[in-house]
Amino acid sequence: MKRITAYFRAEVLDDPNAADEYIQQQQRRTLQPVSSSSSIPFASSSSSSSLSSIIHNQPAPSSLSSLSVDIESVNIFESPNASRFQTSPISEAGRRILLSGDNRRHFNTTPIKILDAPDLQDDFYLNLMDWGHNDCLAVGLGSSVYLWNANTSKVTQLCDLSTENVTSVKWSTIGNLLAIGTSKARTILYDTTTSERVRTWTTHTSRVGSLAWASNILSTGGRDHYIYHHDVRSNEAYFRRLTGHTQEICGLKWNPEGNSLASGGNDNNVMIWDSHENIILHRFSQHTAAIKALDWSPHKRGLLVTGGGTADKTMKIWNTISGNLLSSHDTGSQVCNLAWSKRTDDIISSHGFANQLATESNLIHIWKADKMEKIGTLSGHKSRVLYMSMSHDGSTIVTGAADETLMFWDLFLNEPYIRHDPEERLTCLR
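As numbered in UniProt numbering, the sequence shown has no gaps in its residue numbers, which increase by one up to the final residue, 430.
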């Protein structure tokens, strides 16, 4: 309405100040609530009585609040000759008003869905949640693994290991295979379409807290300091063992090309491994605490972001091609997870213990990757936000905490995808 009024003043009343006054008003509005969207991707549904004691919906808040952030805009009317040859009947002032729309980013700061997750372990070194390409969320609760279908909101129990706890879960990048790491050093592969156990590996000697897939290759990281590569098509126990870390492996992630593996350890080291050999391409030792949180940029080759634990609290971005540290930022709190947005060049971080204020603990932050500028903050969890995963389409993230809740955040639903490098990505290891 304000824009229409300003446009009327400029075009009909020929008010020379209408454009400047309207644009100044827009610049002064640094925060503005956003009404909740009627299009919510995860509609609440009632759970059956047999599942309600395991995972059930809590009522969503009646409205969604938002955080809005200014984005720099370019003045296209800097030239004094800009309107000399205008053919449009709209005046220059009118065009300025029409083109000075609200370009600020808006984030819904209230979760669109909350699920109970009893027995979700309070352990920084585990990875108990993963959202697959099949739009199904896998969660390890105690000795069991549950699957939540984002399209139907249906919850099913995949398995109960009874005598051992689940320590990690990871969907394959193809098919409907789910890998599960356990507290008794086993790695189990399930076909979720049939709920049948396909394979079991016993290569590790202690718990398996990290898993990563690259096509048909499953990489596992354990407390025994080792990383194993398993080819799920082969009968061999494994085809490569990586040695280099001196303490537990707590983070693993293949790059989008499938030719480099990043690992984070409790020895405060980040290592970049070549896919074809047991060779450490780079060893980054600048963190001062365990590195569980790491993710590759889906937009620029070779960029990796890592986050350190309680004694470190920093996020660092690396060029893994040159081996250079590009930036380091003190977040003020334990970095538990990192996810690089698939749609925008933003990084989402989840946090635990903070330096001083308790109100700064257990938050989720959104950062502009190029400037490491914080552009949004989400709160709601009452304990460390130890687990986080992103939907396959990149629109939504889910966070899990020691308060035994899962929260879904609709962050990038209306954001267009960044165009990727058209060059073919390599995914073959052998």
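Where a beta carbon is used, it is the ideal one built from N, C-alpha and C, also for glycine.
Keep in mind it's a predicted model, so treat the numbers as computed, not measured.
At a cut-off of 3 residues, the continuous stretches assigned as beta strand (DSSP E) that sit fully inside the UniProt repeat "WD" (242-274) are 249-254, 260-265, 270-274. Within the region 124-169, the runs of beta strand (DSSP E) that reach at least 3 residues and sit entirely inside it are, in chain order, 129-131, 136-141, 144-149, 155-160. Membership of Ser322 in any beta strand (DSSP E) is not indicated, and neither H nor E is assigned to it by DSSP. Annotation: the continuous beta strand (DSSP E) that includes Asn337 extends over 333-340. Relative to the Cα of Cys250, the nearest Cα in the group Phe239, His230, Asp231, Tyr226 belongs to Tyr226. Assignment of beta-bridge partners to Met407 by DSSP yields Ile114, Thr399.
Of all alpha-carbon atoms in Asp130, Ser143, Leu189, the one lying nearest the alpha-carbon of Asn149 is that of Asp130. Within the same chain, Cβ atoms closer than 7 Å to the Cβ of Thr202 are found at Ala185, Arg186, the five residues on either side in sequence being excluded. With a cutoff of 9 Å on beta-carbon distance, Thr200 and Ser183 are scored as not near each other. Inter-segment contact for the region 334-342 and the region 304-320 is present: three or more beta-carbon pairs are separated by less than 8 Å.
A straight-line Cα-Cα distance of about 28 Å links Arg197 and Thr405. Rounded to the nearest whole angstrom, the C-alpha separation of Ser383 and Asn134 is 29 Å. For Phe412, no beta strand (DSSP E) segment is defined, and its DSSP state is neither H nor E. In terms of Cβ geometry, Leu161 and Val155 do not form a close pair [threshold 9 Å]. Counting along the chain, the unbroken beta strand (DSSP E) around Glu373 starts and ends at 373-378. The shortest CA-to-CA distance from Asp119 to any of Glu360, Met407, Gly400, Trp296 is the one to Gly400. Cα atoms of His299 and Ala212: separation of roughly 20 Å, rounded to the nearest angstrom.
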